[in-house]
Each structure stands twice: as C-alpha cells, then as structure tokens.
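Data first, discussion second: the structure below is written as structure tokens.
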Amino acid sequence: MEYLGIELKKPKVSFFDFTCCEGCQLQIANKEDTLVDFLSLVEVVNFREISSEKKDHYEIAFIEGAISRQDEIERLEKIRKQAKLVVALGTCACYGGVNSLKKRFSVEDVVNEVYGHNPVETLPVKSVKEVVAVDFEIPGCPISKAEFESIILHLVLGTEFRFKKYPVCVECKQNLNHCLLDEGKICLGPITRAGCNAVCINGKLPCYGCRGPAEENNWPSLKQILTEKGFSPEQIDEKTSFFNSLTEVTKNES
Ligand code: SF4
Ligand code: SF4
Ligand code: SF4
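Offset between the sequence shown (1-based) and the working numbering: plus 78.
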C-alpha cells in the first residue's frame, strides 16, 4: 500500500487498558467515518473494546490508564518486553490523571471509603513511564482522536510528529471565546499544551490542564495573576494538581 508515493508499513498494534475509564480507547473506536482509514494503516491484534481477538505478537503497544496494582506492574512489564514501541495513551497513562486524586488521601482511607467491607489491593498511582520505559506519550483526557490519527500516520510513515508548542489560550482566542479568568474562574489554558481546540472553554468550562504543560508557558505570571485575583494557594493547587499533569511546571515556585 502506498501513501503519497511512500510505501506504508502496516504494524501490528495492541491496545491495553489499566486503571482508567477506557474513554481514550472509546475515542479511537468512535467516529466511524475515519475508523476505516485508521484500520488501513495498522493491523489491530488486541483491542478489547472492539474485538475479541487476542494475539501475543505486536510491534506497538498503546497503554491506556495509570498503574495502581501489583498485577498491573507485572502485566505492563510483560508488554514492554514484547513491544518494540510503547506509547502511553491519555492523561492517566502519561501523568496518572484523575486517578492521582487518590494522592490527596491515605491509601487506607481510600480503600475504606470506596470498597468498605470488600477491600482490594491498591498502590499509590503511577504513570506508565514511572514503571517501564515509554517511547512516546499522547496526552489528553480523553485524547483528541484527530491528533491520535495524525500521530499514527506519522508513525507508519516514519516521520516525526510535533506537538503544538503554544498553550490552549491560542486556540481559545482563535475560537473567539470570552476569557474565563475575567469571569472569576481559574483557567489553566495559559500553561497547558494546545491540541484539543480548547474544547472545555468552548463549552464554558475552564481548562484543568489535562494535556500537560505547553513548551512555551509562563507559570510564574499565571500564578501571580491568579493570586492578584484573590485565589488562595490551596485553590490554585487544587486545580493545578487535578490531573497531576502540570507538576513539572508548578513545582517551580519562582
Ligand atoms: S485519560 Fe481520561 S478519558 Fe482517557 S482513560 Fe483516563 S480518565 Fe478516561
Ligand atoms: S485563560 Fe482560559 S479562557 Fe482565558 S484565553 Fe486562556 S484558555 Fe481561554
Ligand atoms: S481545555 Fe484543557 S482540560 Fe480541556 S481538553 Fe483542553 S487541555 Fe484538557
């Protein structure tokens, strides 16, 4: 098969879910209008949401979800040995995601509250790269299907995919949204990597930073603006730590 005169490889790919809601896999399985094109680029050999097929041989493993149990660690290590390329899929896999809220409590309290008299084994939440080596990360809660498909195209063509360097604010202003900071809300668009088309703000919800930090961001300035607007350090921390995706930026207190 050829695309733009270049022979396409058709790698065997697998999707595996760990601690998560499986919404990122659903993004891929959804939107049937582009699914056929996607399936012409890769051979899917494991994808629990759409097929009962299960094979042990694959080249690319997409890992969805955070890691929060011992058996997940062992399963992930086995996948890492098999796959040539391991891709963390979604904010849970890249950063821990919403599962990281568990960090705000003791593991014991979480187990008591959630499982009551039927406790289960659970560990502090880890991202995929904290357990095994990761070759590529695709952030988003959920991922952007359009971005995912573009990444797959680059992968099979062997060309480099580049994430947008600028923050969500750029897409937000392109969409002519009214700034939510001016409406008294904490919006993390100024420090968050674009690529979602500012979907939350388009729906009048502030950005929680699920896509991780923008390469070109200015956290000290945003922090100063939020402080001047009267938000307390606790309110600011509550938002910036929601997905555990902005720690790399917000830990710099300067
Ligand atoms: S990143 Fe969000 S949508 Fe994707 S699996 Fe995690 S919670 Fe679900
Ligand atoms: S701070 Fe939020 S609402 Fe304001 S421009 Fe940036 S992304 Fe849009
Ligand atoms: S607006 Fe922010 S929270 Fe919403 S999808 Fe985009 S990066 Fe994630």
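Yeah, the Cβ is synthetic: ideal placement off N, Cα and C, and Gly gets one too.
Look at the alpha carbon of residue i and the alpha carbon of residue j, and state the distance between them as a whole number of angstroms.
i    : j    : result
C172 : I216 : 7 Å
S299 : G262 : 17 Å
S310 : K317 : 11 Å
H195 : P202 : 20 Å
T97  : E150 : 9 Å
F241 : H232 : 12 Å
S130 : K204 : 28 Å
G236 : Q302 : 42 Å
S332 : L259 : Its pLDDT being 49, under 50, S332 is placed unreliably by the model, and the measurement read from it follows with that caveat. The alpha-carbon atoms of S332 and L259 are separated by roughly 21 Å.
H256 : N275 : 15 Å
E127 : K307 : 45 Å
K132 : G101 : 20 Å
L154 : L254 : 43 Å
K329 : P291 : 12 Å
E152 : K251 : 45 Å
Give the DSSP bridge partners of residue i, in chain order.
i    : result
L283 : L283 is not bridged to any residue.
K336 : With the chain running from 79 to 332 in the structure shown, residue 336 is simply not present.
F140 : F93, V165
Starting from residue i and walking both ways along the alpha helix (DSSP H), at which residues does that stretch end?
i    : result
I106 : 101–107
E152 : 148–160
E191 : 185–193
E312 : 311–318
F226 : 223–235
V206 : Where V206 is concerned, there is no enclosing alpha helix (DSSP H), given that its DSSP letter is neither H nor E.
P220 : No alpha helix (DSSP H) contains P220, which DSSP labels as neither H nor E.
P298 : 297–306
Over what stretch of residues does the beta strand (DSSP E) that includes residue i continue unbroken?
i    : result
V165 : 163–167
I216 : 214–216
Quick one: measure Cβ to Cβ for residue i and residue j, integer angstroms, because I've assumed they're closer than 8 Å.
i    : j    : result
F116 : I230 : 7 Å
L304 : I314 : 5 Å
P95  : Q105 : Looking at the sequence provided, one finds Asp at residue 95 rather than Pro. Their Cβ separation, rounded to whole angstroms, is 13 Å, which puts D95 and Q105 out of contact at 8 Å.
F320 : Y286 : 5 Å
P89  : V234 : 7 Å
The segment 269–287 touching the segment 244–254, judged by at least three CB pairs closer than 8 Å: In short, these stretches touch, since the Cβ pair count reaches three.
Below 8 Å, can you find three or more Cβ-Cβ pairs linking the segment 138–146 to the segment 158–174? Yes, they touch.
Measuring CB atoms only, is the segment 156–164 touching the segment 109–118, in the sense that at least three cross pairs come out at less than 8 Å? Touching, no.
Three Cβ pairs or more, each shorter than 8 Å: is that satisfied between the segment 221–240 and the segment 206–213? Contact between the segment 221–240 and the segment 206–213 is absent, because fewer than three Cβ pairs lie under 8 Å.
Can you find at least 3 beta carbon pairs, one from the segment 179–196 and one from the segment 121–135, that sit closer than 8 Å? Contact between the segment 179–196 and the segment 121–135 is not established, with fewer than three Cβ pairs separated by less than 8 Å.
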